[in-house]
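**Q**
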């Protein structure tokens, strides 16, 4: 049982770190997206950066209990690849970028509510106070 407790504690640390990084990653996506949109008809050398961020999130989110964020990140990664290969495809990224940013904010907010509930003794989403 101690090994399981240690594993759970370690996983919780990884999950917390992942969530702590979401606002910074979200800001990076917003900054890159704003630059890309400033010249939507030109190939953007920074557009793949959004895909790399989405790739890292897609690979981790579902494992840490955020399956929708993982799904949206994978969708965004694919959309970035498609847009990068087809000049003028930047407009098609608006919906996946927006959905990803919204889900990132939702995941961070859900975690903040869970932590607050744990501090006040309110039951959390894991069912523990």
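In the UniProt record's numbering, the protein residues as written are 1 to 129. Just so you know, even glycine gets a beta-carbon here, dropped at the ideal spot from N, CA and C.
(1) Helix, strand or coil for residue 18, going by three-state DSSP, please let me know.
(2) DSSP three-state label for residue 57, please.
(3) My output table needs one value for residue 63: the three-state DSSP class, helix, strand or coil.
(4) Should residue 51 be labelled buried (16 or more other beta-carbon atoms within 10 Å of its own) or exposed?
(5) Please classify residue 44 as buried or exposed, where buried requires at least 16 other C-beta atoms within 10 Å of its C-beta.
(6) Give me, in chain order, the residues of the same chain whose beta-carbon lies closer than 7 Å to that of residue 73; leave out the 5 immediate sequence neighbours on both sides.
(7) Any idea if residue 121 is buried or exposed, counting beta-carbon neighbours within 10 angstroms, 16 or more meaning buried?
(8) Check residue 84 in the structure and name its three-state DSSP category.
(9) What is the DSSP secondary structure of residue 39, reduced to helix, strand or coil?
**A** Short version:
(1) Within the chain shown, numbered from 1, the residue matching residue 18 stands at position 18. Reduced to three states, the DSSP call for residue 18 is helix.
(2) Your numbering for residue 57 matches position 57 in the chain shown. Note: residue 57 maps to helix in three-state DSSP.
(3) Position 63 of the chain shown, counted from the start, is the residue given in the question as residue 63. Coil at residue 63, not helix or strand.
(4) Numbered from its first residue, the chain shown carries residue 51 at position 51. So residue 51 ends up on the buried side.
(5) As a first step, residue 44 is located in the chain shown; it is residue number 44 there, counting from the start. Result: buried.
(6) The residue labelled residue 73 in the question sits at position 73 within the chain shown. Within the same chain, residue 73 has close Cβ partners 54, 57, 58, 61, 100.
(7) Taking the first residue of the chain shown as 1, we reach residue 121 at position 121. Residue placement at residue 121 cannot be trusted, given a pLDDT of 38 that sits under 50; what the coordinates show is reported in the next sentence. Flag for residue 121 reads exposed.
(8) Along the chain shown, read from residue 1 onward, the residue named residue 84 stands at position 84. The answer is helix: DSSP assigns residue 84 an H, G or I state.
(9) Taking the first residue of the chain shown as position 1, residue 39 is located at position 39. The answer is coil: DSSP assigns residue 39 none of H, G, I, E or B.
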